[in-house]
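149 is the number that UniProt numbering gives to position 149 of the sequence shown; each next residue is one higher, with no gaps.
All C-beta atoms in this analysis are idealised placements derived from N, C-alpha and C, irrespective of residue type, glycine included.
None of the values given here were measured: they were computed from a predicted structure.
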Amino acid sequence: MIFESQRLLAFAQQYDNITVKEKNAVDKLSAVRPVIGPTKFDRVKKIYWEKVKSAYFERVGYYAEDWPGDTGSLRSIEKYGQYMTAVVPFAYRVDKYGNLSGQLTGNLLRAANEKRLNVLVLVHNFNNNGFDRQLISAVLNDSKARNNLIANILKLIREKTLAGVNIDFENISPSERNKFNDFLKLLKDKLRAEGYLLTVSVPAKTWDNKQDAWSGGFDYRFIGSVADRVMLMTYDEHWFGGSPGPIASLPWVENVLKFATSQIPKDKLLLGIGTYGYDWGQKGKGRTVSSSKALQLAKQHGAKIQWDAKAQVPYFYYWTSGEKRTVWFESTQSAALKAQLVKKYDVGGIAVWRLGFEDGAFWETMSSKLAR
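Below you can see the structure in the form of structure tokens.
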């Protein structure tokens, strides 16, 4: 779990003695933000974890705003936050000097606080053209930029009283694999000293092809050794720029999870679950649709939603302006099947991309499926 200190203290007091120093430290943390970091209060954490781990799987939601005024993620927290354990705002972009640009809105922090959710700020290398390989290479190869980035992350966490950070650097060159490892180790050491959490998002893969253009830069085993949580991005098996197909077929997700659990401690792994799909035409790239929008499209066009027995996901066809279009998407039903893999492989929980895209039954279903 991403520990909530007051509940931790209550459970710990039931089962073992706790020193005055430990109690005072936990009480102090509770006053600002209810989180226990990865190295502080290890004895108390151990007591708590042994007593309550059988009851919980983590349920982390990604917060994003696709345009100014986009309130979908916020409404999701306000309505379903009681089913979540943490929220990760896709909020800050790094530049080549290690500076951060972005913001965490007061409404987000208020909603997260009201639902008693820990907030892990996400730092990324995304721009209008996608995830920028040259940008992240510049940062990883410049010690001044790298150290500046680490300092800025720590400053942000302190100022906003957050639980920690989620590093979402994508499209890292395979040649930067060791540089990325070095960066994560430096960052972890700084975060650990102040009790903050390091979480890392990693692309899906079924074996460690170190030359793979997309996933070769990610050393699962090393990342699993330094990160407190690893978010496994088990989606985009088929993407908007390719041919139509499942976003995350169940057999593919399971194969990715099998490999991940051979490299990363299971309790650190969070299985990525998408709440979206793609709508492909006969020409050009597809477009993203939320799970709820996909259902609306099918209803609007009188399309019959079909079920792929092998992939265990839904899809449908519809026609508009004389063009046949194909939609594959994730539904609550397909997500529930993936949640069963969390239990089967006994990993830490789920990380949902993204809040505001899900249909109305999603979070209640996840809560039910993820009760141990």
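| Query | Result |
| --- | --- |
| Candidates G281, L270, T85 and T234: which alpha carbon is nearest S321's? | G281 |
| List the endpoints of the continuous beta strand (DSSP E) containing S101. | L100 to G102 |
| Whose C-beta lies closer than 7 Å to the C-beta of R43 among residues of the same chain, with five residues either side of it excluded? | Reliability of the predicted coordinates at R43 is poor, the pLDDT of 49 falling under 50, and no value is obtained from them. |
| Using 10 angstroms around the beta-carbon of I168, count the other beta-carbons present and answer buried if the total reaches 16, otherwise exposed. | Rather than Ile, the amino acid found at residue 168 in this sequence is Asp. Result: buried. |
| Out of curiosity, what's the CA-to-CA distance linking N107 and Y318? | 38 Å |
| Would you decide whether D66 is buried or exposed? Buried here means 16 or more other CB atoms lie within 10 Å of its CB. | exposed |
| DSSP puts L120 in a beta bridge; with which residues? | G164 |
| Using only CA atoms, which one of Y80, V87 and E78 lies nearest to E62? | Note that residue 62 is Tyr in the sequence shown here, rather than Glu. It is V87 whose Cα lies nearest to the Cα of Y62. |
| Among N147, N255, A163 and K155, which residue has its Cα nearest to the Cα of Y97? | N147 |
| Can you list the alpha helix (DSSP H) stretches of 4 or more residues lying completely in the segment 208-243, in chain order? | 220-226 |
| Among E254, I136 and Q300, whose alpha-carbon lies nearest the alpha-carbon of N127? | I136 |
| Would you decide whether E358 is buried or exposed? Buried here means 16 or more other CB atoms lie within 10 Å of its CB. | buried |
| Rounded to whole angstroms, what is the Cα-Cα separation between V121 and L184? | 16 Å |
| Could you tell me which residues DSSP pairs with W280 in its beta bridges? | T326 |
| Please confirm whether K268 and R229 have their CB atoms less than 9 Å apart. | yes |
| Would DSSP call I350 helix, strand or coil? | strand |
| Between which two residues does the beta strand (DSSP E) holding L271 run? | L269 to G274 |
| Measure the alpha-carbon distance for R93 versus V327 and round it to whole angstroms. | 31 Å |
| When the distance is taken between beta carbons, is T275 closer than 9 Å to residue 377? | Outside the shown range of the chain, which is 1 to 372, sits residue 377, and nothing can be said about it. |
| Look at the alpha carbon of K338 and the alpha carbon of D132, and state the distance between them as a whole number of angstroms. | 30 Å |
| Does the beta-carbon of S175 have 16 or more other beta-carbons within 10 angstroms, so that it is buried, or is it exposed? | exposed |
| Please go through the segment 105-154 and give each complete beta strand (DSSP E) segment of 3 or more residues, from N-terminal end onward. | 118-124 |
| Should the segment 292-303 be regarded as contacting the segment 241-250, the criterion being three or more beta carbon pairs within less than 8 Å? | no |
| Pull up the distance between the alpha-carbon of F362 and that of N181, whole angstroms please. | 35 Å |
| In three-state terms, what does DSSP make of G286? | coil |
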